[in-house]
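Undergrad: Would you mind keeping the following structure in view while I ask a few things?
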Amino acid sequence: MTAPGAVSTESVRTLSLREIGPAERGTKPDEVVIALSPAFGDPFTKTIVDVPHAEVIRQLLAGIEERGGSARVIKVYKTADLAAIAHFGAKISGSGIAVGVLSRGTTVLHQRDLARLSNLELFPQAPLLDAEVFRMIGANAAQYAQGQSPKPVPTRNDQMARPRWQAKAALLHLKEFDCIDHSRNAVEVEPVITKVD
Amino acid sequence: MSLVIGVDIGNSTTEACIAEVTQGEVGRLASSLTATTGVKGTPENTTGAVTAVRRALEVSGRPADALATVLLNEATPVISGLAMETITETIITESTMIGHNPDTPGGEGLGVGTTVALDGLDEVEPGTTVVVVVGKGADFDDVAHLLNRAFERGVDVVAGVMHGDDAVLVVNRLQRRIPVVDEVSAVEKVPLDMLAAVEVAAPGRTIRTLSDSYGLASTFDLDAEQTRKVSPVARALSGNRSAVVVRTPAGDVTDRRIPVGTLHLSGSGRTLDVGVDGGADAIMEAIGRVAPLSDVHGEAGTHVGGMLANVRDTMTDVTGQPASEIRIRDVLAVDTMVPATVRGGLAGEVHQENAVALAAMVRTSRSRMQAVADALATELGCETIIGGVEGEVAVRGALTTPGTSVPIAIIDMGGGSTDAALLDRDGAVSAVHVAGAGELVTKLIDSELGLEDREAAESVKRHPLAKVESFFHIRHEDGTVQFFTEPLPPHVFAKVVTVTPEGLAAVPVKGSLESVRRVRREAKRRVFVVNALRALAQVAPQGSLRLLGSVVLLGGSALDFEIPGMVADALAPYGVVCGIGNVHGTEGPRNAVAAGLVDVHAGTAAGPAPEKVQRQAAS
Amino acid sequence: MTAVAPRSGASVQTSKRTEILEARPVNLDGFVEEWPEKGLVAMESDYDPQPSVRVEDGRIVELDGRTRDQFDFMDTFIADHAIDVDTCEDAMATPSVEIARMLVDPRTSRADVVALGRGLTPAKILDVVKLMNVVEIMMGIQKTRSRRTPANQAHSTSAKDNPIQVAADAAEAAVRGFAELETTLGVVRYAPLVAIGLQVGGQVGRGGVLTQCALEEATELDLGMRGITAYAETISIYGTESVFVDGDDTPWSKAFLASAYASRGIKMRFTSGTGSEVQMGNAEGRSMLYLEIRCILMAKGAGVQGLQNGSISCIGVPGAVPGGIRAVAAENLVASWMDLECASGNDQSFSHSAMRRTSRLLPQMLPGTDFVCSGYSGVPNKDNMFAGSNLDTEDYDDWNVIQRDMQVDGGLRHVREDVILQVRNKAARAMQALFAELDLPAITDEEVEAATYADSSDDYPDRDALADLEGARSVMDRGITGLDLVKILERTGFGDVAENYLNVLRQRVSGDLLQTAAVLTGDFVPLAAINDANDYAGPGTGYRLSGERWEELKKLRHVTSAENPEEEVV
Amino acid sequence: MTSTELTPADYPLSINRPELLHTPTGKALADITMDAVVSGEVTNEDLRVTPDTLVLQGRIAESVGRRQLGENCRRAAEMTAIPDDEVLAMYNALRPRASSAAQLEEIASRLENTFSAPTCAGLVREAAEVYAARNLLAEED
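Chains as they are written, first to last, in my numbering: chain V, 1 to 197; chain A, 1 to 619; chain Z, 1 to 570; chain G, 1 to 141.
Written out as structure tokens, the structure is:
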């Protein structure tokens, strides 16, 4: 996996999520919804292994665009549960396909008709997700949305992730929980990525 | 009254049929099925035979000491082998051509210019026409930015070749759309400062210019002699959606035959050599010319030679006969295609290359059934008799299928060999075994679909296909739609699947259901149908299929969902009635031999009296 | 990912020593600051409740500062099932420091301290163990452990779900001394074949070894009822209501399940551990140990015979906070003190540092627990389908040396190579015979040979997984039971294995294995915290490593002979 | 039988008090021999624990102060009468928000009346009460 800091050799990009209205059901039959967790982008800015959130979004969008798909990004405030976030995204996605992402990087590909706790592809080990993997996840999401059958993104595994990352993951999860706002409905956002040289 | 059990030791399964025999009356009680232990016709069979007997006793509820007689078939060892040789290869020299099909190339059209690296773009004179070559690790935003800057300087960038899967992303960010081929893994090998052409066709279309010899001639301004030389390039690129051709001084694409050894065929008092690279038709034709085949050798050091030697050695191990006495009596060659990586390719291009698959079979008359019989007698403490030759007993068993009559032929398609036997009006039986059966079909499916997964190939062979169209419905290969109330498991979503008794199993291919189905049926046709006809022709009176009356399919393959239909269709033009065996009207295609043994023993065997038994005509 | 990666790309010049320290494996472990408000704290938190209890009309109406109307379901269950109403007010009145001292003081008997414990609330128990340092906790474990003789448990799994590997490694684990063996699957459908491998291998290695296969309840219970497995362990419980509900269970559903297992004569214990609630984000502001104590009392209230605890799969969480491993030792102490059989963790990959792995182990290994590891990996960690253990096959010799150095019994022993090869080979051959008789895809002689000499799944020929899965299905469809396996083993020349297996099955009739900390000796004598109750009462009492067993543990792979220093003791 | 006094010294029953044990088909522990297995006299049915035995084990547990383990054995003794599938179905019904109050009461009465399992019924009723208070009942149909 990419060691922390490996992505920062290039110029740095920052992310801001500009709210453009309530998250509503889409109509494009091939769109992918990217559903973000409450702390994604703000207050958090990077994943558990320091992949900038700007890069996460940029690569997911690039993967979708490269495969000729279209995407909408939403932010969910009422829950920090990945399955719930992704399933909500899938329900309002024109294609029924959504990518759910937590601030720490944990990602899932979901589909509307699946049970909430099921999924198309799950990437539970956030420490193993780098820019390249996010690109592949985006590409697969677009293909599912187009009714194709992509090869699942190869999953990585590391038994020693537990001693290194389990506690930090718990900490990030708690922080994310702190950002839950039960009174706030999900919104559609426009990701604004700015390059800082 | 005595309790009798017939035991049929087959290549893969051992079947037993238990019955009470009272003065020519047979009261069948139960039957059982277990895996054959060891090679058929060897002492290792004893374990499986004992299991089959025990199980039949258990089902019938009779104690072991009530058993009077065990009847065994006279089974002889059959060993088969498989090999595959790729006989063509495509070689690219001087990195002349990129002919792979990235999923998502960028832009559309044809661009011709001089190759220049991305980081050399700033030094290119305005007005120059260039094809940009983008290496590993470049970010799509940065690439687009640099290309736009070059456009603004007046550099005429007409096309691109990239390492990453970024073509659409880059093109979407350009001031003007240019054709870009991406996912070129060895992009650093693209020669720079050479004239190159990049062509990308619209989605669903294929390229027109670079895949055409005169198109190439116009693009690179070639004379007639040069055009003749580049025609392999055009051929290699045809059918692609995108391509790159670089004009280099000695660049070339060759499509050559790989010498993969020779088969030495002997038969009819003469010998014949045939090159394996000649393809299946040439091999089968040569075999026809020396028929009946008496032996085959392969060139040492080749796959085919190794396979044939291995078959011989295994038989030596099994029977103790010296290798020199073991003769290979049948070979089946089948043409196939295998995806192979192009030598010299820059993008890991894969080309469908020709290959030949060969199945060989050896059989010996030296059976060691007596040893099995002795061991069984000791183990079970009762009389054990070797009761009949398998072909003969099987065909008499098959004759108990309602609606059959003499002359009757059987076909049993197993894993390694296809067996046929005929019982004629005089009660004479002839039998043959030919090479090639289920395992060869699996191998063909595996390689033609590029699965590299024998289990998946086996599943494709054995089960019908369907396409998962949503989480709640699938479309079967016959077009019918099936709905589900519970959502299907996520791993089969949008996949081509096999419909197995355990549920749906994804077939790991990119192709459509139709293409998988075509490969499966074609593989079965080339092996099962071809072999059914070949084997029947050898036992048919005067070699004429028209003189066969009934043909009964037996064994596991008769239970396949489409093989019986395919064989029946192939035999229909000869006026042959062909169907699935139903031994004694109850057993289906199983147990023909086991039940037949009991019938022969009780003197109630079906058909004309066996006046003269012609043992194994072809061995 | 496990590569030694620098922690920061700092360009500040560092000393060579710092470079060396940076590269030490321990710096690949993760450490975090406490956050008590959210429960990210081991055992010392201002947000934990104060102990209190009040009884009215024979019923507990106040527990740790909450009145009955404020109870969540854990409070209710604990108040109604776990705590002794008659004694609780007196017990709670005993100063915590006195109780803590009783736990350590050898002159207070185990019976007395256990009796006192029956009347304590979770907050009071926490208050007591907070007073104890890690050595005192170890002394407490030494005294309160339920069974007198310590034991150990192994994992036997295969990355390829290869049943022959599982059988061979189970045989080796059994002959090395593990009293219990546990397996689980990559592909769940393989379960019947792998569970058969575990049972048969275990009985080859040492008659009386108990086996289990961790699966979802229905299948696990089914395998148990068929007699293919002997016990169950992975029945998870949690310390907060919200996490318990997220796990789709309640104390009542789990208590019902506990009775269900017992009704089939199957030994069963629950699983819990510090860190699981905070890991799932619902610690409700309580410390990890407080919540674990609630789990322990819930388990006690359900009447389950034992508990697997010691953080288990969440070990990375307590492992990362200050005092976390002390808290993990404390949870084992509380489980033992509450008179439950305790399988004490040390069963998940814990640290990159060998030194830290060892130090995490000592609080259980030195005092001894009912099962020191609730899963010592009896296969190389890469084959461990429980995601790796704190110890694996590479550590066998180290473990044996530590037992010998410290003169402690960790349940294992050194076994000569020829004996190991023999049991591995026999286990594989027994499987070969079983598979042949059951019409399962044949096990070749080559596989038997591989199993004899193998280390990991890489050393075995690949099996036809599709055919095996069909076979596994047919084992279930045909209703194959342990008794069928016994019959086959008997008639295929493995009479001794059949006899061992039948003896294990017989235990279901007597129900003897349903008692706390029950295991079977090699002579099939059930050994539980009744006939082998811990009688530790200070120096010179309790279980002492001596006599024949000590002689056995003095043996190592290489020990120079005193008689002839040119040779090694065999 | 039910009046048998048991002390810790009776454990293990298989060794110290085998005469108290029998299989569900009435065989003695000593009848479970390899010969009996091979001849088919002993079947899987024999290798189950009986309610009587569970009660005995419960008493032993209580004799060493393990009140709850004793209770669990008593519930288990009652459950031996319930078929496997139904035991699992009842367990599933006790999961959070899986059953309404009426459904839980139905299970409790079935336990009480069909299976003579009053202790188990008590546990289910107790759950129903707590679930009602903690909002863990399923919506009524």
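For glycine and all other residues, C-beta sits at the position ideal for the given N, C-alpha and C.
When you check each C-beta in the segment 168 to 180 of chain V against every C-beta of chain Z, which residues fall closer than 7 Å?
TA: Against chain Z - using a Cβ distance shorter than 7 Å - the residues of the segment 168 to 180 of chain V are Lys168, Ala170, Leu171, His173, Leu174, Phe177.
Undergrad: If you draw a straight line from the alpha carbon of Ala79/Z to that of Gly239/Z, how long is it in whole angstroms?
TA: Between Ala79/Z and Gly239/Z, the C-alpha separation is close to 14 Å.
Undergrad: Should Leu6/G be labelled buried (16 or more other beta-carbon atoms within 10 Å of its own) or exposed?
TA: Classification for Leu6/G: buried.
Undergrad: Cβ of Thr500/A within 7 Å of any heavy atom in the ligand HEM?
TA: Questions concerning the ligand HEM fall outside what the structure shown contains, since it holds no ligand whatsoever.
Undergrad: What does Arg67/V touch in chain A if you count any residue whose Cβ is under 7 Å from its own?
TA: Here the neighbours are Thr104.
Undergrad: Using the C-alpha atoms, what's the distance from Ala537/A back to Val577/A?
TA: Whole-angstrom Cα-Cα distance: 15 Å.
Undergrad: Exposed or buried, Phe77/Z, counting other C-beta atoms within 10 Å across all chains shown (16 or more means buried)?
TA: Per the 10 Å Cβ criterion, buried.
Undergrad: With a threshold of 8 Å between beta carbons, is Trp35/Z in contact with chain V?
TA: It does: the Cβ of Trp35/Z has a partner Cβ on chain V nearer than 8 Å.
Undergrad: In three-state DSSP terms, what is Thr76/A?
TA: Three-state DSSP puts Thr76/A in coil, outside helix and strand.
Undergrad: For Ser294/A, tell me which candidate among Ala282/A, Leu272/A, Gly113/A has the shortest Cα-Cα distance.
TA: Taking only the C-alpha atoms, the option nearest Ser294/A is Leu272/A.
Undergrad: So, under 8 Å CB-CB, Ala260/Z and Leu221/Z are touching, yes? Tell me the CB distance rounded to an integer number of Å.
TA: Confirmed, about 7 Å.
Undergrad: Am I right that Ala320/Z and Val32/Z are in contact with their C-beta atoms under 8 Å? What's the rounded C-beta distance?
TA: Contact flag correct, Cβ pair sits at about 5 Å.
Undergrad: In chain order, what are the residue ranges of uninterrupted beta strand (DSSP E) at least 3 long that sit wholly in the segment 458 to 513 of chain A?
TA: Taking only runs of at least 3 residues, the beta strand (DSSP E) segments lying wholly in the segment 458 to 513 of chain A are 465 to 470, 473 to 476, 481 to 483, 496 to 500, 503 to 506.
Undergrad: Could you tell me the distance, in whole angstroms, from the CA atom of Ala218/Z to the CA atom of Met34/G?
TA: So the alpha carbons of these two residues sit roughly 30 Å apart.
Undergrad: By the DSSP assignment, the beta strand (DSSP E) with Lys212/Z in it spans what residues?
TA: The identity of residue 212/Z in the sequence shown is Gln, whereas the question assumes Lys. That run of the beta strand (DSSP E) goes 210 to 213.
Undergrad: Do you know how far the Cα of Glu129/G is from the Cα of Asn135/G?
TA: Distance between the alpha carbons of Asn135/G and Glu129/G: 10 Å.
Undergrad: So which residues on chain V does Cys295/Z lean against when the C-beta distance must stay under 9 Å?
TA: Within chain V, no residue comes near Cys295/Z; the closest Cβ sits about 18 Å away, beyond 9 Å.
Undergrad: Work out the CA separation of Ile580/A and Ser31/A for me, nearest whole Å.
TA: Those two C-alpha atoms are separated by around 19 Å.
Undergrad: Would you identify the three-state DSSP class for Pro122/Z, choosing helix, strand or coil?
TA: In this structure, Pro122/Z counts as helix in the three-state DSSP scheme.
Undergrad: So the beta strand (DSSP E) Leu17/V belongs to, where does it begin and stop?
TA: It spans 12 to 22 - the beta strand (DSSP E) in which Leu17/V sits, taken as one unbroken run.
Undergrad: Apart from the five residues just before and just after Leu333/Z, which ones in its own chain have a Cβ nearer than 6 Å to its Cβ?
TA: Counting only Cβ-Cβ distances below 6 Å, and skipping sequence neighbours, we find Ile137, Gly140, Ile141.
Undergrad: Starting from Arg75/G, find everything on chain Z with Cβ-Cβ shorter than 7 Å and list it in chain order.
TA: Those are Ser259, listed as they occur along chain Z.
Undergrad: Tell me whether Thr314/A sits in a helix, a strand or coil according to DSSP, three-state version.
TA: Residue state, collapsed to three classes: helix.
Undergrad: Against chain A, with Cβ distances strictly below 8 Å, would Ala442/Z count as a contact?
TA: Answer yes: the Cβ-Cβ gap between Ala442/Z and chain A drops below 8 Å somewhere.
Undergrad: Here's a check: name, in chain order, each residue in its chain whose Cβ is nearer than 8 Å to the Cβ of Leu547/A, leaving out the five neighbours to either side.
TA: For Leu547/A, where only same-chain residues beyond five positions count, the Cβ hits under 8 Å are Pro407, Ala540, Pro541.
Undergrad: Any idea if Val128/Z is buried or exposed, counting beta-carbon neighbours within 10 angstroms, 16 or more meaning buried?
TA: Under this definition Val128/Z is a buried residue.
Undergrad: Tell me which same chain residues have a C-beta within less than 6 Å of the C-beta of Gly572/Z, skipping the five on either side of it?
TA: Since the first and last residues shown for chain Z are 1 and 570, residue 572/Z lies out of range.
Undergrad: Mind listing the chain A neighbours of Leu466/Z? Cutoff is C-beta to C-beta under 8 Å, in chain order.
TA: By Cβ distance, chain A contributes Glu455, Glu458, Ser459.
Undergrad: Listing by chain order, which chain Z residues have their CB less than 9 Å from the CB of Thr37/A?
TA: Correct list: Ala436, Ala442.
Undergrad: DSSP state of Gln542/A, grouped into three classes?
TA: Residue state, collapsed to three classes: helix.
Undergrad: Check the DSSP bridge columns for Asn354/A and list the partner residues they point to.
TA: Paired residues: Met337/A.
Undergrad: Look at Val4/A and Ala68/A and say whether their C-beta atoms are less than 8 Å apart.
TA: Yes, they are a contact pair.
Undergrad: State the DSSP-derived secondary structure class of Ala617/A, mapped to helix, strand or coil.
TA: Bear in mind that the predicted position of Ala617/A carries a pLDDT of just 33, short of 50, making it unreliable; the figure below should be weighed with that in mind. Ala617/A: coil per DSSP, three-state reduction.
Undergrad: Please compile the residues from chain Z whose C-beta is within a distance smaller than 9 Å of the C-beta of Glu225/A.
TA: Residues of chain Z passing the Cβ test: none, with the nearest at roughly 54 Å.
Undergrad: Output the distance between the C-alpha atoms of Arg125/G and Lys555/Z, rounded to the nearest integer angstrom.
TA: Going from the Cα of Arg125/G to the Cα of Lys555/Z covers about 58 Å.
Undergrad: With 7 Å as the C-beta to C-beta threshold (strictly closer), list the residues of the segment 119 to 137 of chain V near chain A in chain order.
TA: Correct list: Asn119, Leu120.
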